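Okay, structure first, notes after.
Number of protein chains: 2
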Amino acid sequence: MPTSYEEKARVFKAFCDPNRLRILELLRGGEKCACVLLEQSDLGQSGLSYHMKILTETGIVIGRPEGKWTHYSISEEGRAYAIALLKELTRPVEAREENSCC
Amino acid sequence: MPTSYEEKARVFKAFCDPNRLRILELLRGGEKCACVLLEQSDLGQSGLSYHMKILTETGIVIGRPEGKWTHYSISEEGRAYAIALLKELTRPVEAREENSCC
DNA sequence: ACCTCACATCAAAAACTTTTGATATGTTTC
DNA sequence: GAAACATATCAAAAGTTTTTGATGTGAGGT
């Protein structure tokens, strides 16, 4: 688990942009080449590249370069990690004393 | 499940800011009054109010007004919903054909 | 009724993210 | 090696979110 709130927040940045959710939906069907994502999203080439960078840096998506092309897919590990982190961040903990100031 | 990518993205906005993660951590220990959150976060009064609005609008946190005060807590329903949505957005689907253009 | 307190709202500024078009890098094909 | 292509990077502009301080609103106490 990352230690700082900034690091944890970064993981969820992957999911808070509609273009990235569209890309993830395309990738749910299996590995896709950037050219397919470009065709099937509303993004231009450099815009796609920008979003793919965010998705891969957060570990949700894996990029597999192969010659001229890059193939992208959802990382099962990254997925499991984000789900575990979300659970962790919202899981109730045993309160030692109910903090009722008011 | 919300229908548009914008609506889905909004849910994860709750988790992509360090101040909001700090607030969620405080709320994991149980319901807290805004005054406690104010004390234990780096926010000013209006900043806290801004973030609490985002957290309650996404359904992750519930605000319970009681006279002058508002008590906040993590919504077990909102939590379950966000987790389910994250799973859904990243779950592999049966690919009818592997889209291998390149 | 008036004062005080908790919280919400507002508007402007600051900070950050995304888009866009241009240019760079690296790979394949001739 | 030159051309053609895929992707990355860059810098500026556009858009969005967050912070800040001031003011509004509604509850409770006197």
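So the sequences go chain by chain: A and B. Going left to right, the first sequence walks through residues 1 to 102 as our numbering numbers them. Going left to right, the second sequence walks through residues 1001 to 1102 as our numbering numbers them. Glycine included, each C-beta is placed from N, C-alpha and C at the ideal position. The structure presented is a predicted model; accordingly, all values stated were derived computationally and were not measured.
Check	Outcome
Below 8 angstroms between beta carbons: does that hold for I1062/B and S1041/B?	no
What does the Cβ neighbour count give for K13/A, buried or exposed, with the cut at 16 atoms within 10 Å?	buried
Count Cβ pairs between the segment 35 to 52 of chain A and the segment 1047 to 1067 of chain B that sit closer than 8 angstroms; are there 3 or more?	no
Return the chain-ordered ranges of every beta strand (DSSP E) run that is complete within the segment 62 to 87 of chain A and spans a minimum of 3 residues.	69 to 74
Considering only residues of the same chain and omitting the five flanking positions on each side of G59/A, which have a CB-CB separation below 7 angstroms?	S75, G78 and Y81
Using a Cβ-Cβ cut-off of 6 angstroms (strictly less than) and excluding sequence neighbours within five positions of H1071/B, which residues of its own chain qualify?	E1031, C1033 and R1064
Is T3/A buried or exposed, if buried means 16 or more other CB atoms sit within 10 Å of its CB?	exposed
At a Cβ threshold of 8 angstroms, is I62/A touching chain B?	no
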